[in-house]
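J.: Chains as they are written, first to last, in the numbering used here: chain A, 482 to 1036; chain B, 1174 to 1484; chain C, 2 to 295.
All C-beta atoms, glycine included, are put in the ideal place defined by N, C-alpha and C.
Here it is: the structure, laid out below.
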């Protein structure tokens, strides 16, 4: 193994302070014998958090679970040892493993919605985490209430009688954290615990985790794909790539001098939250391409959007920033004619747009194209890329003289070789799929591209490439309505930004102004809560920005 | 939850009403009218007219339907054409026999099926599991009357001669063996498969993994965390299978000459005994709908989301 | 042209996953199922041409077990059991195949429309479905047969109608899953006509459950056609039909078991074979569905 060397001796702590020690751990999958993690060694000190970073499929979850001596079906440890405190996990019998779990090592799952038992009340699930405790039931109940207060949840009996589905996502995650800390473990494994939470909730949850580990002196292993979160939270960073630990060191050290090329790439791909240095967009006098005024929309009787005013000019990128439930997708779908329960005005190039796409002219439909969030669901799995692109073209433009040329040009604009036309979606990676979706959208030469969270389902390195591609499309004169929850991304790509909160636009203006001098409290909170970090190695500050020539290397 | 159940009950009643409509309409399609059917081909016109009067056959169809439905609701199912007995009275004994037969079959099949299914799940991908999976697959595919005949060929007088193949009034309890066994074999496979699939799904769920990672004992994991989540879907399948019995019993009773409602139905069809056909079909459909409703209610009750939401 | 024929690409593309049929074929049980089904189909199709007698010819005494020139003896009227066995299969296959095919086709159309259009269309279709589902399959068939009389087209129609709501329910669920996918919304955004969305975007993506349903319904159809014959409500004498043969000869099961055993064995083998294929298909479908998810 090349990537790893023991760097944390510089911290001056000896072995006794290591709560967790992993040596040469190798896990293979059965029956294929493929190594899921290979020869991984690491240590974590008391009261510190190790950030374990990797993209999907890097083996980080397998590693995390092996710290509780839990293996998924059809996997096997072939080599290596894991010590938690003085205990070597492989030597424990079943009873000892049970004693270890929950008391010495606790686990916080990725999705509490599926990890909390839907059929059991919270009280039961919290209490049973203290399973081998010698204390009386009163003491247990007191301990449960105490830990609930610590994670800022109500501790009254009514709350304990609730079922998991009666809580919000953030509350569920807090319950999971409480459940992990209730037994005062020495080590806690957190598997992407903030995935699916919005920024504000994420900030609160991370704050809780940080405070709890400090207070209890618990060591933490924080598994994540999000470098920004880890940089914010962790004392040490370990980077996994294809089952190997390619980097391990103190956080400052990794951020200032990453040793491995992959780490460098990962760091550079994370969009930096730019709060200054924006160029003021030119004031435009001509009629905007798309004008939304006094729009309100809903589903049945529930209102989702209220009084939306927004405009997009030619060649301009307007970002629609909002957290889940803010109504941003409803707004973008109304523009695309996919959501028609709205009142108010939609004017495109001087003409009113009908509510549903079926009552718009073919020309209007051609000129507004939509790219969906999840590329795994946006392509018909039964059609070749070629037909995915030609279908809309034939319907909106007409039968092409040279279909091959249409496909080749569309793919080229999405930076894919023409040969991809013959492939089926299942033969493409996530990033390639999203490029095909973009190719399908630009094939008809639209004037406005509505992008709905198009990078959120992709790994960061791929995300950066897609953003680069969008920027080049914009340079060609296409207007973008870029819908996202990622404020850092907005600060790098948008000309103007509208901040959406609970169905209303709370702030709207040039991106430089909004980022540097936010007027609304909500925007300020968003900027403050977004985890961010400074990179100090050469070339790093220009990671991803409007001005630089996309220095992101392609993956 | 009560609201949801009331809605289902309403739709169940609506369905039952639609079924009654279909049953009544179907019998209207018979060639000739009821009087003709009762009196036979060589009845005198006077007697026909008299009987038509008596049966209200000169009334419009809608009125006849209302009168019939009114009777049904009050428990008066009319008089059998073939034996001149009130249908309700005539059916009492067959219903008892059929219910006993179905009850016995369910009693034999359900616990055994649940056990085999759960055991298969725990021994997933091992010998027992493969054997059970193959066995249920074969049993589930063969029509139940064929299973019955195979059992007769094997255990009946022609084969090992252990049990009688035909039910006789004076026979002993051993003549119940083959019909019960046949029905039990027909009912069990889906329950086994559902039990196995549900157990596997629950055992692989993240909340069971989380319970294990909390260090709970395997017993607690199984009974406190897995079982409550498996009850709903399995109970539903059990109920559906019981509902299936209501219809499946016909061919089996015919095969074994068992004096239940299925046999009555076949005889009634032979004799073109319309009130009897109507009554039996309505009865079977009624049981079927009722047990399906029960399955629905169980499914709802087992789901805490529903249970808590609309209290 | 195959999916992997993009030689000009810089990277060699990932091989396409094998389709449903090919995946299903990999299971041993599918092969066994095809063999069993094939055997019975062969008997049913070739049988009439190689039968030693005509199916209505009187050859033996009634229920004569070992008569000269009759391999499996005679039936209740003294006709050659083997001949009637060879003749009695194709009607069953034809009726079962036709009713399963029509039922699945109708159910698919209803299911896709109900799943895609939602709203009142969905409500009405599903309510009608519920009423149809309230009849146990066999009871519905018996009711209709007893009133109108056993006719071939009626057998097919009744079984097809009883399949329809069950298929519709499955296909509706599958459609619901498909229309949550964004490619359907993408087609709506460009204003593709609804019928075309159903035909081009939805139908090809519900083929897995569709094939599984077809197999399942075929198995059930065989059972229902056979049981109708057995109850004397299917094809009428003197037709040679497996179900009817069982009915006619069950009185003599102790003295002349062959007359019952042969058709019973054929029906059992056929249904087991069909269900093995169905099981292979559904296992393949589950595997494929898992692969698509992200």
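#1: Assign residue 197 (chain C) to one of two classes, buried (16 or more other C-beta atoms within 10 Å of its C-beta) or exposed (fewer than that).
#2: What residues in the stretch 1432-1445 of chain B bring their beta carbon closer than 9 Å to a beta carbon of chain C?
#3: Could you compute how far the alpha carbon of residue 1060 (chain A) sits from the alpha carbon of residue 1406 (chain B)?
#4: Please tell me whether residue 287 (chain C) has its Cβ less than 9 Å away from any Cβ of chain A.
#5: Apart from the five residues on each side of it in sequence, which residues of its chain come closer than 7 Å, Cβ to Cβ, to residue 626 (chain A)?
#6: DSSP has residue 721 (chain A) in a bridge; who is on the other side?
#7: Is residue 757 (chain A) close to chain C, meaning its C-beta is less than 9 Å from at least one C-beta of that chain?
#8: When the Cα atoms are used, what is the spatial distance from residue 1299 (chain B) to residue 33 (chain C)?
#9: Could you give the residue range of the alpha helix (DSSP H) that holds residue 1306 (chain B)?
#10: DSSP on residue 979 (chain A), reduced to helix/strand/coil?
#11: DSSP three-state call for residue 774 (chain A): helix, strand or coil?
#12: Extract the residue ranges of the beta strand (DSSP E) inside the stretch 780-836 of chain A, only unbroken runs of 3 or more that lie entirely within it.
#13: Check the DSSP bridge columns for residue 932 (chain A) and list the partner residues they point to.
#14: May I have the straight-line CA-CA distance separating residue 1216 (chain B) from residue 1268 (chain B), to the nearest angstrom?
#15: Taking a cut of 8 Å between CB atoms, which residues from the stretch 1398-1411 of chain B lie near chain F?
#16: Can you look up residue 507 (chain A) in the DSSP assignment and give me helix, strand or coil?
#17: Start and end of the alpha helix (DSSP H) containing residue 1371 (chain B)?
#18: Determine, for residue 1379 (chain B), whether the minimum Cβ-Cβ distance to residues of chain A falls below 9 Å.
#19: In terms of DSSP beta bridges, what is residue 556 (chain A) paired with?
#20: So does the stretch 810-820 of chain A actually touch the stretch 180-193 of chain C, counting three or more Cβ pairs closer than 8 Å?
#21: According to DSSP, is residue 938 (chain A) helix, strand or coil?
#22: Between which two residues does the beta strand (DSSP E) carrying residue 532 (chain A) extend?
#23: When the Cα atoms are used, what is the spatial distance from residue 1009 (chain A) to residue 534 (chain A)?
#24: Just to confirm, is the Cβ distance from residue 570 (chain A) to residue 562 (chain A) under 9 Å?
#25: With a threshold of 6 Å on Cβ separation, who are the neighbours of residue 600 (chain A) within its own chain once the five nearest residues in sequence on each side are excluded?
#26: Measure from the alpha carbon of residue 538 (chain A) to the alpha carbon of each residue in A:971, A:939, A:975, A:1000, then state which is nearest.
#27: What distance in whole Å lies between the Cβ atoms of residue 1272 (chain B) and residue 1353 (chain B), which are believed to be in contact at a cut-off of 8 Å?
#28: Compute the minimum distance between the beta carbon of residue 918 (chain A) and the heavy atoms of the ligand GTP, and state whether it is under 8 Å.
#29: Against residue 624 (chain A), what residues of chain B qualify as contacts under a CB-to-CB distance less than 8 Å, listed in chain order?
#30: In chain order, which continuous runs of the alpha helix (DSSP H) of length 4 or greater are located wholly inside the stretch 611-652 of chain A?
#31: Can a CB atom of chain B be found closer than 9 Å to the CB of residue 1 (chain C)?
#32: List the residues that DSSP assigns as beta-bridge partners of residue 1252 (chain B).
#33: Mind the definition here: the stretch 152-163 of chain C touches the stretch 220-238 of chain C only if three or more C-beta pairs lie below 8 Å; say whether that holds.
#34: Just by C-beta distance, which residues in the stretch 964-983 of chain A are closer than 9 Å to chain C?
#35: With a 10 Å radius around its C-beta and 16 neighbouring C-beta atoms as the bar for buried, classify residue 1464 (chain B) as buried or exposed.
#36: Pick from A:982, A:988, A:992: whose alpha carbon is nearest that of residue 969 (chain A)?
T.: Answer, in terms of the structure:
#1: exposed
#2: 1438, 1439, 1441, 1442, 1443, 1445
#3: In this structure chain A extends from 482 to 1036, so residue 1060 (chain A) is not present and cannot be described.
#4: No, residue 287 (chain C) lies away from the interface with chain A (no Cβ there is under 9 Å from its Cβ).
#5: 636
#6: In DSSP, residue 721 (chain A) forms a bridge with A:726.
#7: no
#8: 21 Å
#9: Its alpha helix (DSSP H) spans residues 1300-1314.
#10: strand
#11: Strand, per DSSP.
#12: 783-793, 798-803, 823-829
#13: By DSSP's assignment, residue 932 (chain A) forms a beta bridge with A:852, A:963.
#14: Each residue's alpha carbon lies about 33 Å from the other.
#15: Although the question refers to chain F, the structure presented lacks it and instead comprises the protein chains A, B and C.
#16: strand
#17: 1350-1376
#18: yes
#19: A:510
#20: yes
#21: coil
#22: 530-534
#23: Distance between the alpha carbons of residue 1009 (chain A) and residue 534 (chain A): 23 Å.
#24: yes
#25: none
#26: A:939
#27: In fact, because the Cβ distance is near 13 Å, the residues do not count as touching under 8 Å.
#28: Inclusion of the ligand GTP in the displayed structure is not the case, the ligand content being empty and no account of it being possible.
#29: Within chain B, no residue comes near residue 624 (chain A); the closest Cβ sits about 15 Å away, beyond 8 Å.
#30: 618-631, 638-641
#31: There is simply no residue 1 (chain C) to check, as chain C begins at 2 and stops at 295 in what is shown.
#32: B:1259
#33: yes
#34: none
#35: It counts as buried.
#36: Ranking A:982, A:988, A:992 by Cα distance to residue 969 (chain A) puts A:992 first.
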